[in-house]
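Let me begin by presenting the structure, written as C-alpha cells, before commenting on it.
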Amino acid sequence: MSSEDPPSRTPDEPTDDAEVATGDRSTATRSAPSAGRSSGDNADATLLDRVETRHAVGVAAVLAVAAGLLVAPGVYGAVTGPDGTVAVVEIDGSIDSATAQHVEDNLRDARTNDSIEAVVLEVNSGGGLPAQSERMYAAVDRTASVMPVYAAVDTLGASGAYLAIAPADRIYVAPSAQAVGSVGVAGTAPAPNGPNAGTTGPDKSGSDPDTQRERRQTLANLFIENVIEQRGDEIELDREAIAHADAYLGTEAVENGFADEFGFVDGAVADAAAEAGIDDYAVDTRRTESPVPTSIPLLERDDGTVVVAGGAEEELGDGLVLAVAPAAWDETVGDDVVMTSYTGRLPADGDAADAETTAGGDGDATTDDAAAANGGDGE
Amino acid sequence: MSVDLRTTVGAFALVFLAVVGVAAVGGVVLDDAPPETESVADDHWQLDSVEPETVSEGGEVEMESTEPSNTVVVHLGGVTAGVGGGTSILPIEDGDAPAGADIGSLGGVQRGVAPLTAALVENGHEVRFYGGAATAEPLSSMLSDADAFVTTTPGALSATDADAVESFVDAGGRTLVTSDPGGAGALTDFGSPFGVYGEAGYVYDMENNDANYLSVLVEPTGPGTLTAGVEEVVLRGAAPIGAAGDSATLATAETSRLSTTREAGSYGVAVRSDSLAVIGDSSFLEPENAGRADNGVLIGNVADFLVTGPNPDVSFGPATGTGGAVPPGATISPGGTTTPTDPSENETDPSGNATA
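These protein sequences, in sequence, are chains A and B. The numbering of the first sequence is my numbering, which starts it at 14 and goes up by one. The numbering of the second sequence is my numbering, which starts it at 73 and goes up by one.
Here you go:
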C-alpha cells in the first residue's frame with residue numbers, strides 16, 4: 014500500500030498544483046504529509062518550491078496593490094486635474110524697482126513654467142518711476158507674445174501702470190475705475206542753476222532749463238509712442254489728445270479705447286484661460302511680497318525737505334521726473350513735495366496772485382507777505 | 073548555489089545604462105524648450121523718434137535806435153512775484169552746498185530782465201530799478217525824470233504807483249508791461265484806462281511748441297515797430313491779452329488752445345496802445361530765453377520802443393515829491409512823510425531799492 018503511494022501520487026501532483034493555483038489549501042495541506050512520508054531531501058525541495066511560489070505570488074500581488082495605490086492618485090490627478098494654470102500677478106502701489114522685479118520675475122516664471130498657460134495682471138497703481146514702468150512694459154510684451162496676458166484694473170491703472178499694461182492682450186477695467194491712462198510725466202519745473210564750486214562741470218548740478226525741458230518732453234514722447242505702438246489701433250483719440258495726459262474713468266476708457274471691456278480679475282482669469290484653450294484650470298495668485306514698500310521710500314532731511322530715496326537710502330533727488338497720475342502723486346512722493354507750475358513758484362505765490370487780483374491796489378502788502386513766507390530764497 | 077558576481081554587476085550596469093539612456097533620449101526627443109518669445113520692439117525708442125522739436129538758438133539782442141541817453145525805470149515787484157516764465161527763485165539743490173556761495177549765486181529777480189537792461193545800458197541809456205512802494209524814492213519821483221517805464225508785475229504796484237504810471241503813460245511815457253498767467257485781474261485793473269485787459273487762463277499748444285506745451289510759439293499779426301524782423305517768438309507761459317479796438321501785435325498759432333475753454337485758435341498775447349505795450353509773458357526777457365528763436369529781436373525792438381520818441385511831459389501834481397507815494401497800510405504824517413505801519417515790510421522786501 015505504502016509502496017504504491019508514490020507512483021499513485023505522482024500523476025496526481027499536477028492536480029495538486031492546480032489545486033494550489035486555485036487556492037485549495039486543504040488539499041495542499043493534506044498532500045504535504047504524504048510527500049514528507051515518501052522521501053527526505055527531494056521531498057523537502059519540492060515543498061520549498063511549492064511554498065515559495067505561492068508566497069511569491071502573494072507578495073507580488075500585495076506589492077502590486079501598494080504600487081498601484083502609489084501611482085493611482087497621480088494617474089487620477091492627471092486624468093481629472095486642471096489642464097493648466099492661470100497666474101494672477103499683482104501690480105500694486107507706486108512703481109519702483111521692487112514692483113518691477115516682482116512683475117518681471119513672475120512673468121519670466123510664467124514663460125518658463127509649462128503648466129502656466131495664461132497670465133492676468135491685477136492692477137491698482139497710479140504709476141511711479143518711468144524706467145521701472147518700462148521694464149514691466151517689456152516683460153508684459155514679451156510674455157504676451159507666447160501666451161494670453163490680460164490686465165484687470167480696479168481704481169488706478171494710470172501713468173506708469175498704464176504703460177506697464179499697455180502691451181497686454183486685453184485690458185479690463187471696473188466701470189468706476191478713476192484713473193486709466195494719464196500718458197505723461199511730471200516733475201518740478203525747469204530752473205537754472207547758479208555757480209557751484211563743488212562740481213566739476215556746469216551741468217553736474219543740473220542741466221540748463223532748455224535741456225531739462227527737452228528731456229522731460231523726450232520721456233513723455235517715449236511714453237506716448239509706447240502706448241501708440243501697443244494700443245494705437247484700439248485708442249480712438251489722436252496723438253495730441255493722448256498727450257493731454259488725462260486720466261479717464263473706467264467707463265470712459267472702454268469708450269475711447271484705453272481699455273477693452275468692463276470686468277474684474279475673475280472674469281479676466283476665465284477669459285484668459287479660454288483664450289489659452291484650457292477648460293479646466295488652476296489659479297496661482299502672485300501677490301506683491303510684503304517687504305515691498307507701498308510707496309517710493311522717502312527721506313526727510315533735517316531741514317524738513319523730503320527727498321525720494323533709493324533702496325540703499327541713496328538720495329535720488331527731488332528732481333526726478335515721474336510717471337505718476339495726479340491721483341497718486343501724494344502717495345508716491347508725499348504731501349511735502351509740490352508739483353510746481355512752469356514759473357517754479359511756491360503755492361504761496363499763487364495765493365498771492367489771487368489776492369492781488371482780488372485786492373487790486375493792495376498788491377504791495379500781499380507781495381511782501383509772500384516774500385516773507387518764501388524767505389527771500391532768490392537773493 | 074554560487075552567485076556569479078560579474079554577471080550580476082554586468083546585468084546591473086546594463087539595466088542602469090538602459091534606463092538612463094532611455095531617459096536621456098526621451099528628454100531630447102520629448103523636451104520642448106520654453107517658447108521662443110518675440111523681442112520687444114524698440115524702433116520707437118530711438119532718440120530720433122522721440123526727440124522733441126525745438127526752435128533755433130543763438131539769437132542776439134541788438135538795438136537799432138541811436139537816441140541820446142534815456143532813463144528807463146524798471147519795476148520787478150517782490151521776489152516771489154518776480155519775473156515768471158521759468159526764472160525759478162527756488163534754490164536748486166544748493167541748500168547744503170555753501171561752496172556755491174563762494175563764487176556767486178544764481179542772482180535775484182533783476183537777472184530776469186538782464187538782456188533788456190544790458191542792451192539799454194550798452195546803447196548809452198540809464199536803467200533804474202524801482203523796488204516797490206516801501207523804498208526810499210517814490211515811483212512818481214523816479215518817473216518824473218524818466219523817459220520809459222517797464223514793469224513785469226503790474227499787480228505788485230500800489231494804487232498810488234499805478235496812478236503814477238497811468239499819468240506817465242498818458243503823458244506819452246513809453247511803458248512796457250509784461251503780465252504772466254494769473255495776473256489777468258491786476259492787468260485789467262491797471263490797463264483798463266488804456267483799453268487793455270487780460271484774460272484768465274493761459275495759452276498752450278500741443279503741436280507747435282518749444283519742447284513743452286506751455287512754450288508756445290507766437291508770430292506777429294502784422295508790421296509794427298515792436299515786431300520788425302520778428303518771425304517767431306517763444307513764450308514759456310503765455311497769458312491772453314486783449315485791447316479795445318486794437319488787434320493783437322503778437323498772436324499764437326491756430327493750433328494753440330486756451331486753458332479755460334480748451335478751444336483751439338489764435339490768441340493775442342501782446343497789444344500796443346499808443347505809448348503802452350503789453351505782453352502776456354515775461355519769460356522772453358530772461359537770459360535763458362533771450363537767445364531762443366527771435367526773442368532777441370523782440371527784446372531789441374522793445375528796447376528801441378522804450379527809448380524812441382519825445383520826452384514825456386509828466387506832472388504828478390502836489391503828490392509828487394517826498395512822500396508822494398503812499399503804500400497800502402501806511403499813514404501820511406502831518407508833514408507829508410510816509411510812515412509804514414509795519415516796519416517788517418521794509419525788511420522783508422528783498423528786492424530793495426536798486427539803481428543801476
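Backbone N, C-alpha and C define an ideal beta-carbon position, used for all residues, glycine too.
Residue interval of the beta strand (DSSP E) (run including residue i)
{"i": "T298 (chain A)", "result": "Y294 to R299"}
{"i": "H147 (chain B)", "result": "T143 to H147"}
{"i": "G170 (chain A)", "result": "V162 to A171"}
{"i": "A314 (chain B)", "result": "In the sequence as presented, Ala is not what sits at residue 314 (chain B); that position holds Gly. That run of the beta strand (DSSP E) goes I313 to A315."}
{"i": "P292 (chain B)", "result": "V288 to P292"}
{"i": "A131 (chain A)", "result": "I129 to S138"}
{"i": "S345 (chain B)", "result": "G340 to S345"}
{"i": "H350 (chain B)", "result": "A quick correction: the sequence has Val, not His, at residue 350 (chain B). Per DSSP, V350 (chain B) belongs to the beta strand (DSSP E) from L348 to I351."}
Contacting residues, own chain, Cβ-Cβ under 6 Å from residue i (five flanking each side not counted)
{"i": "A258 (chain B)", "result": "P226 and G227"}
{"i": "G351 (chain B)", "result": "Note on identity: in this sequence residue 351 (chain B) is Ile, with Gly being the wrong assignment. Taken in chain order, the residues that qualify are T250 and A342."}
{"i": "Q191 (chain A)", "result": "T168"}
{"i": "G301 (chain B)", "result": "V369"}
{"i": "G82 (chain B)", "result": "none"}
{"i": "V186 (chain A)", "result": "V166, V193, G263, A266 and A272"}
{"i": "G197 (chain A)", "result": "A233 and A258"}
{"i": "A218 (chain B)", "result": "T143 and V145"}
Close-in-space but distant-in-sequence residues of the same chain around residue i (CB under 8 Å, 5 per side omitted)
{"i": "S121 (chain B)", "result": "D115"}
{"i": "M214 (chain B)", "result": "V145, R200 and Y202"}
{"i": "R329 (chain B)", "result": "V275, Y276, D277, M278, E335, A336 and G337"}
Listed by chain order, chain B residues near residue i by CB distance under 7 Å
{"i": "D154 (chain A)", "result": "V112"}
{"i": "V159 (chain A)", "result": "P107 and T109"}
Rounded distance between the beta-carbons of residue j and residue i, thought under 8 Å
{"i": "A471 (chain B)", "j": "F388 (chain B)", "result": "The question about residue 471 (chain B) has no answer, for chain B in this structure spans 73 to 428."}
{"i": "L119 (chain B)", "j": "L357 (chain B)", "result": "Going by Cβ atoms, the distance from L119 (chain B) to L357 (chain B) rounds to 32 Å, so no, they are not a contact pair."}
{"i": "D154 (chain A)", "j": "V112 (chain B)", "result": "5 Å"}
{"i": "G245 (chain B)", "j": "P384 (chain B)", "result": "4 Å"}
{"i": "E130 (chain A)", "j": "R299 (chain A)", "result": "No, E130 (chain A) and R299 (chain A) are not in contact; Cβ-Cβ is about 15 Å, not under 8 Å."}
{"i": "G310 (chain B)", "j": "T324 (chain B)", "result": "Gly is not the amino acid found at residue 310 (chain B); the sequence shown has Ala there. Yes, A310 (chain B) and T324 (chain B) are in contact; Cβ-Cβ is about 7 Å, under 8 Å."}
{"i": "G207 (chain A)", "j": "L178 (chain B)", "result": "3 Å"}
8 Å Cβ cut-off: residues of chain B touching residue i
{"i": "R226 (chain A)", "result": "D282, A283, N284 and S287"}
{"i": "A151 (chain A)", "result": "V112"}
Beta-carbon neighbours of residue i, restricted to chain B and to distances below 9 Å
{"i": "D221 (chain A)", "result": "E360"}
{"i": "A272 (chain A)", "result": "Those do not exist, as A272 (chain A) stays about 22 Å from chain B at its closest Cβ, beyond 9 Å."}
{"i": "L333 (chain A)", "result": "Here the premise fails: no neighbours, minimum Cβ distance about 12 Å."}
{"i": "E242 (chain A)", "result": "A113, D115 and H116"}
Chain A contact residues for residue i, given Cβ-Cβ distances below 7 Å
{"i": "Y106 (chain B)", "result": "It should be pointed out that residue 106 (chain B) corresponds to Pro in this sequence rather than to Tyr. In chain order: R124 and T125."}
{"i": "T126 (chain B)", "result": "E227"}
{"i": "V275 (chain B)", "result": "What V275 (chain B) touches in chain A: nothing, since even the nearest Cβ is about 12 Å away."}
beta-carbon residue i near the ligand NAP non-hydrogen atom, thresh 7 Å
{"i": "A311 (chain B)", "result": "Inclusion of the ligand NAP in the displayed structure is not the case, the ligand content being empty and no account of it being possible."}
Continuous alpha helix (DSSP H) stretch holding residue i: start and end
{"i": "R184 (chain A)", "result": "The question names Arg, but residue 184 (chain A) is Ile in the sequence shown. Note, I184 (chain A): premise wrong, no alpha helix (DSSP H); beta strand (DSSP E) at R183 to V186."}
{"i": "Y150 (chain A)", "result": "P143 to A157"}
{"i": "V237 (chain B)", "result": "A231 to D242"}
{"i": "E198 (chain B)", "result": "Counting along the chain, E198 (chain B) falls outside any alpha helix (DSSP H), though it belongs to the beta strand (DSSP E) covering E198 to Y202."}
{"i": "A83 (chain B)", "result": "L77 to L102"}
Beta-carbon contacts of residue i that lie in its chain and below 7 Å, excluding the five residues immediately before and after
{"i": "A315 (chain B)", "result": "G267, V268, V343 and S345"}
{"i": "T156 (chain A)", "result": "L120, A123, R124, V132 and V162"}
{"i": "Y150 (chain A)", "result": "L176, A177, A179, P180 and N239"}
{"i": "D96 (chain A)", "result": "I291, D292, D293 and Y294"}
{"i": "P292 (chain B)", "result": "T299, V302, T321 and L322"}
Cross-chain neighbours of residue i in chain A, by beta carbon under 8 Å
{"i": "G176 (chain B)", "result": "G207 and P208"}
{"i": "E271 (chain B)", "result": "Within chain A, no residue comes near E271 (chain B); the closest Cβ sits about 13 Å away, beyond 8 Å."}
{"i": "E123 (chain B)", "result": "E227, T231 and N234"}
{"i": "M135 (chain B)", "result": "The premise fails here: M135 (chain B) is roughly 25 Å from chain A at the closest Cβ pair, so nothing lies under 8 Å."}
Neighbour list for residue i in chain A, Cβ cutoff strictly below 9 Å
{"i": "M278 (chain B)", "result": "R252, E253, A254, A256 and H257"}
Residue i: contacting residues in chain E (beta-carbon distance under 8 Å)
{"i": "E238 (chain A)", "result": "Absent here is chain E; the protein component of the structure consists of chains A and B."}
Counting pairs of beta carbons, one from the segment 224 to 240 of chain A and one from the segment 132 to 142 of chain A, are three or more of them closer than 8 Å? no
Evaluate contact between the segment 279 to 286 of chain A and the segment 209 to 228 of chain A, counting only Cβ atoms and requiring at least three cross-stretch pairs below 8 Å. no
Is it true that the segment 73 to 82 of chain A meets the segment 262 to 274 of chain A, where meeting means three or more beta-carbon pairs spaced less than 8 Å apart? no
The segment 359 to 366 of chain B / the segment 257 to 277 of chain B touching (three or more Cβ pairs under 8 Å): no
Within the chosen definition, does the segment 371 to 385 of chain B reach the segment 291 to 309 of chain B through at least 3 CB pairs nearer than 8 Å? yes
If we count Cβ pairs, one from each stretch, closer than 8 Å, do we get three or more for the segment 197 to 215 of chain A versus the segment 284 to 301 of chain A? no
The segment 96 to 112 of chain B / the segment 138 to 147 of chain A touching (three or more Cβ pairs under 8 Å): no
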